[in-house]
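Numbering (my numbering), first residue to last: 69 to 674.
Don't be surprised by glycine CBs; every beta carbon is placed ideally from N, CA and C.
Nothing here was measured: the structure is a model prediction, and the numbers come from that model.
Following: one structure in structure tokens, then a few remarks.
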């Protein structure tokens, strides 16, 4: 309907219509055509993708108001142009059409966590206003187009978690506004561009989990604002540049899982900026540098899985902010410095697989902040303090495997309420096993290969309170007597039960069939007698079963055929008789069947 004003002022009405018609017929420089260009570019982009129902329902050819479309942000002042496209985590698949570059005002392109595939269009380099490019967590392939360097305003490049390959374009170093580069978890090759060290605003550089080779560019150490460097999980070689170790801005340095060599720069542990140093799984040699500064901010120090030698410097105790100290699998010798026990913030201390000797300093067992203590596979001696459960109130993981500790297991450990893993394997602990049932968080209890005794087996009944227990290993001790029926009351989550190489006698309790989550059951090398209980067939998840080297008799129960996941069955060196049940043919995953030294007869099942 035409308004009444058209009849009152007919000349003016015709003039306005002619003016607007002329105005909207201008070429691309005109306001109407500029807006229409953006709308058509969006529709073109939509034509190359597939989205779940409703996600792009507002993107309609019938709708002229594209600034109201889902994921679109337009400029505030006319002409209304698209400045941001945000479609993160929308379940979109397809390819990124080159026509998206017709959005000439686009500053932010955020398409992360979708399923975009194919390559990156080289036309992205035409987006001269682009500052934020985030296409991470997709399935993009091909090379990173060198044309991206034409985006002179770029501040953030996020392409992590894709399948990009080829080399990192050195020309990205021409984007002098870059603040963050994250290309991790791709298949990129070649070297780290030295030009990245010349980017005046660069703060974050993450190139981890690729196949990069060559050396770390020394130029990275001269970057004034660089705070975060992650080059981990590549194939980089050479040494850590002194310039990088001396950086006054660097806070996080992650170089793990490379082929780096040489000695650790002395400045590395004496800077006033580094908070996290992760150098594990390389080939560093020499000794750990001493700490000479008095106010180091280092919180996380991981040097594990290298070839470091010498002693642990007592000056590491000067790192008063230290939370994690990981020195596993080196060639460290000498004693554990007592000074480490006085670091008030230390929560994780792992010294496993070294050549450390002597007793553990009392200060280590008095760390109220300690959550994980792993000092396995050394030559440490002595006894655990009787009150260790009180002096380590936050302990979650206590791993003392393969040392020469002796004496009783302290009953005070029952007060270590947070304890999850207790590994005392291959030591010389004696006495009875405490009633660990008061530890509700206990998941793995490994007391194997000590000199422990069973007492009245009451500890088994107490363990029924540990609802998270997944492993119980008591093999290689001096356990005697009969297994209690309460063994069937152990946690339904129990997956590994090791009782071999003891002197356990009597029958196998039929209640063993209640442990339906068992993956491995080892009772070999004992004095067990009587029949194999038919309830064994209830253990449908069992993969490894060994009753070898006992005094079992009777027939193999027909229910053995219910163990369809079974890979290894050892019943040798018993007095089992009768026929091998035909049901065993249902155990199609069997790779080892050992029935020797019994009294079996009849035909082998087909």
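Taking residue 666 as the centre and dropping the five residues before and after it, the same chain places the C-beta of 642 and 644 closer than 6 angstroms to its C-beta, in chain order. Within a 10 Å sphere around the beta-carbon of residue 354 sit fewer than 16 other beta-carbons, which makes this residue exposed. Annotation for residue 526: the continuous alpha helix (DSSP H) segment containing it runs 526-530. In the structure shown, residue 540 falls within a strand segment according to DSSP collapsed to helix, strand and coil.
In the pairwise beta carbon analysis, the region 184-195 is classified as touching the region 146-166: at least three pairs are separated by under 8 angstroms. Beta-bridge partners of residue 164 (DSSP): none assigned. Cβ atoms of residue 450 and residue 427 come within 8 angstroms of each other, at about 4 angstroms.
At a Cβ-Cβ threshold of 7 angstroms, residue 631 and residue 655 count as neighbours.
Of the residues assessed, residue 674 falls on the exposed side of the cut-off, its CB having fewer than 16 other CB atoms within 10 angstroms. A residue is called buried once 16 or more other Cβ atoms fall within 10 Å of its Cβ, and residue 647, having fewer, is exposed. Annotated as proximal: residue 495 and residue 471, with beta-carbon spacing under 7 angstroms.
Under the DSSP definition of a beta bridge, residue 587 lacks any partner. In this structure the region 291-298 lies against the region 270-277, because at least three pairs of beta carbons, one per stretch, are closer than 8 angstroms.
Closest in C-alpha terms to residue 510, from the list 499, 516 and 535, comes 535. In the DSSP assignment, residue 310 falls within the unbroken alpha helix (DSSP H) covering 310-313. One thing to note: residue 230 has its Cβ no nearer than 7 angstroms to the Cβ of residue 211. Contact between residue 475 and residue 459 does not hold, since the beta-carbon distance rounds to 16 angstroms and is not under 8 angstroms.
Contact between residue 333 and residue 358 fails: their C-beta atoms lie close to 13 angstroms from each other, not under 8 angstroms.
Within the region 571-654, the runs of beta strand (DSSP E) that reach at least 3 residues and sit entirely inside it are, in chain order, 571-574, 588-590, 595-598, 612-614, 619-623, 636-638 and 643-646. Shown here for residue 579: same chain residues with a beta carbon closer than 8 angstroms to its own, the five before and five after excluded, namely 553, 554, 555, 556, 557 and 603 in chain order. In the displayed model, residue 483 falls within a helix according to three-state DSSP. Distance from the Cα of residue 546 is smallest, within the candidate group 241, 520 and 114, for 520. Per DSSP, the beta-bridge partners of residue 141 are 152.
Residue pairing from DSSP places residue 548 in a beta bridge opposite 571. The way I'd put it, the region 371-386 does touch the region 408-423; three or more beta-carbon pairs between them come closer than 8 angstroms. In the three-state reduction of the DSSP assignment, residue 219 falls in the coil class. Where residue 456 is concerned, there is no enclosing beta strand (DSSP E), although the alpha helix (DSSP H) around it starts and stops at 456-459.
Listed in chain order, the non-local C-beta contacts of residue 409 below 6 angstroms within the same chain comprise 429, 431, 432 and 435, local neighbours out to five positions each way being set aside.
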